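Enquirer: Numbers given in the numbering used here equal positions in the sequence shown, counted from 1, plus 2. My structure is below; once you've seen it, I'll send some questions.
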Amino acid sequence: MCADPRAPDAAERLRLKPRNSESGFVDGAWWPRSRDLTTEVPELATALNGRNGPVWRVAFQPSAWAGTVRELIFHGRLVKLEGIDSQNVHVVHVTGGNMYRLTLLVIPPEADPVAAERVLVAASGQNSVACPEALLDEFGARPAPENALARWESEGGHGDTAGTGA
C-alpha cells in the first residue's frame, strides 16, 4: 500500500512559536496521527530534537490517549510517558535533554485537515495567547459532541446516566 502523497509528514504536523514569542497557554501545536502515544512519541521526539534536545519525558492526560506504557526506548534513550490526571486533555508537556519544557496543544487525530492546519498556524503564531479549547473551537477542530457535552460536564454539569430525568 502506498502512502498518501497528500498526507502531512511529521514536520507539517508540529508547529512551534518562534523563540522570542509572547508567553501564552501553549508553545505550539501537534497533530498526531492516532491516540496511541507509544506510536506517536517517536515521531514527535524526532521533530523536536533540534529545538528541545533529546526528549526524555512526555506528560499527558491519560483519558485523552489509548492505554500506554510508562516508558519506551527511542534511539537508545529512555523516554518516560507520565500520565497526569489533572492535566488538560488538550495538551502534552514535553521535556527535552536541555530541561526545557514545551507545552503543545494536541489537535485531535480525527480533526479535519483544513481545521487542523488552521489550528497549527494559530497556535504557533508569535503572539498567540489563546487557550487550547479556544483554538480548537475557533477552527472547528474538536468533534461536535466534545464541544458541547464535554465542556458542559467539565464545568460541573452531569449527564442523566440513570435515565431518571432528575
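For every residue, glycine included, the Cβ atom is placed at its ideal position computed from N, Cα and C. Here the structure is a predicted model, which means the values were calculated and not measured.
(1) Do L107 and P145 count as a contact pair if the criterion is CB distance below 8 Å?
(2) Taking Cβ positions, are S23 and Q128 nearer each other than 8 Å?
(3) Would the stretch 80-95 count as touching the stretch 60-69 if we require 3 or more Cβ pairs under 8 Å?
(4) Tell me which same chain residues have a C-beta within less than 8 Å of the C-beta of E84, skipping the five on either side of it?
(5) Can you give, in chain order, each stretch of the alpha helix (DSSP H) that sits fully within the stretch 31-114 and has at least 4 residues?
(6) Exposed or buried, what is R79 when buried is set at 16 or more other beta-carbons lying within 10 Å of its beta-carbon?
(7) Can you tell me which of the three DSSP states R21 falls into?
(8) Use the C-beta contact count for A169: other C-beta atoms within 10 angstroms, 16 or more gives buried, fewer gives exposed.
(9) For the alpha helix (DSSP H) that P145 lies in, which residues bound it at each end?
(10) Taking the C-alpha atoms as reference points, what is the distance between W33 and E45?
(11) Span of the alpha helix (DSSP H) holding E14?
(12) If we ignore side chains and look at the alpha-carbon of each, how far apart do A136 and F76 end up?
(13) Residue range of the alpha helix (DSSP H) that A132 falls in?
Expert: The structure says:
(1) Against a cut-off of 8 Å, the Cβ pair of L107 and P145 comes out as no contact.
(2) Yes, the Cβ-Cβ distance between S23 and Q128 is below 8 Å.
(3) Output reads yes: the stretch 60-69 touches the stretch 80-95.
(4) Excluding residues within five positions, the ones whose Cβ falls inside 8 Å are R59, V60, A61, F62 and R72.
(5) Scanning the stretch 31-114 from its first residue to its last, the whole alpha helix (DSSP H) runs of 4-plus residues come out as 39-54.
(6) By the beta-carbon neighbour count (other beta carbons within 10 angstroms, threshold 16), R79 is exposed.
(7) Of the three classes helix, strand and coil, the one that applies to R21 here is coil, per DSSP.
(8) Residue 169 cannot be examined here, being either before or after the span of the chain that is shown, 3 to 168.
(9) The continuous stretches of alpha helix (DSSP H) do not include P145, and DSSP gives it neither H nor E.
(10) If I take the Cα positions, the gap works out to 11 Å.
(11) Segment: none, E14 is in no alpha helix (DSSP H) and carries neither H nor E.
(12) Cα to Cα, the separation comes out at about 33 Å.
(13) Looking at the DSSP string, A132 is not in any alpha helix (DSSP H), and its letter there is neither H nor E.
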